[in-house]
Amino acid sequence: MDSVDREILFHLRQDGRLSNVELAKRVGLTPPPCLRRVKRLEDEGIITGYRARIDPTATGRNFEVMAAVEIGVNDLQTVEELESAIASYDEVIEFHRLFGRPDYFIRIAVADHAAYETFLTNKLIGLRAVTRVDSHLVMKKIKTDD
Numbered sequence: 001m002d003s004v005d006r007e008i009l010f011h012l013r014q015d016g017r018l019s020n021v022e023l024a025k026r027v028g029l030t031p032p033p034c035l036r037r038v039k040r041l042e043d044e045g046i047i048t049g050y051r052a053r054i055d056p057t058a059t060g061r062n063f064e065v066m067a068a069v070e071i072g073v074n075d076l077q078t079v080e081e082l083e084s085a086i087a088s089y090d091e092v093i094e095f096h097r098l099f100g101r102p103d104y105f106i107r108i109a110v111a112d113h114a115a116y117e118t119f120l121t122n123k124l125i126g127l128r129a130v131t132r133v134d135s136h137l138v139m140k141k142i143k144t145d146d
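In full-length UniProt numbering, the protein residues as written are 1 to 146.
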């Protein structure tokens, strides 16, 4: 990857819907070599896909919570079941396993405080491996990838 590839990635990260002609103009190439570079970046797995960014307010999911989750069971089957269950929840928009404590960090998007309480009570703390959940309400997004 050279500086032109990095510039292509920068512009596509900002706007994945750029036409090849516009992208080529921004990075100082003609369209055919620009398209070849984008194709190569896709084929090499550097560009893994394109997606739409959705306004959470418009979808009724503008209340975000960061939950730190600790578990009390560490056998592989239970961990896999826990991860599969949490990953399947529509409210979960980001999910990470960590080294050390907490065991997991989950980003959750719901309509409001009551919806989060319902999610927490009916889904998250009901999982048998979960021993502790610390919830942190998001005050303000400063930088995000979505």
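In this text, a Cβ means the ideal position worked out from N, Cα and C, and glycines have one as well.
What you are looking at is a predicted structure, and each value in this text was computed from that prediction instead of being measured.
- Here LEU137 is bridged, per DSSP, to VAL65.
- For ARG36, the enclosing alpha helix (DSSP H) has its first and last residue at 31–43.
- Cβ contact annotation for HIS113 (same chain, cutoff 8 Å, sequence separation greater than five): PHE63, in chain order.
- The three-state reading of DSSP puts ALA109 in strand, counting E and B together.
- Separation of ALA24 and ARG6 (C-alpha to C-alpha, rounded to the nearest whole angstrom) is 13 Å.
- When rounded, the separation of the alpha-carbon atoms in LYS143 and ARG107 is 14 Å.
- DSSP places ILE93 in no alpha helix (DSSP H) but in the uninterrupted beta strand (DSSP E) bounded by 92–97.
- Taken through DSSP and simplified to helix, strand or coil, ILE8 comes out as helix.
- Annotation: LYS143 is outside any alpha helix (DSSP H) and is labelled neither H nor E by DSSP.
- Residue environment: PHE119 is assigned as buried (16 or more neighbouring CB atoms within 10 Å of its CB, all protein chains considered).
- The beta carbon of LEU127 sits closer than 7 Å to those of LEU82 and ALA85, all from its chain and outside the five residues before and after it, given in chain order.
- In terms of Cα proximity to ARG51, the closest of GLY72, ALA58 and ARG17 is ARG17.
- In the DSSP assignment, THR78 falls within the unbroken alpha helix (DSSP H) covering 76–88.
- As far as DSSP is concerned, ARG128 takes part in no beta bridge.
- Put simply, the stretch 128–143 touches the stretch 54–70. At least three CB pairs are less than 8 Å apart.
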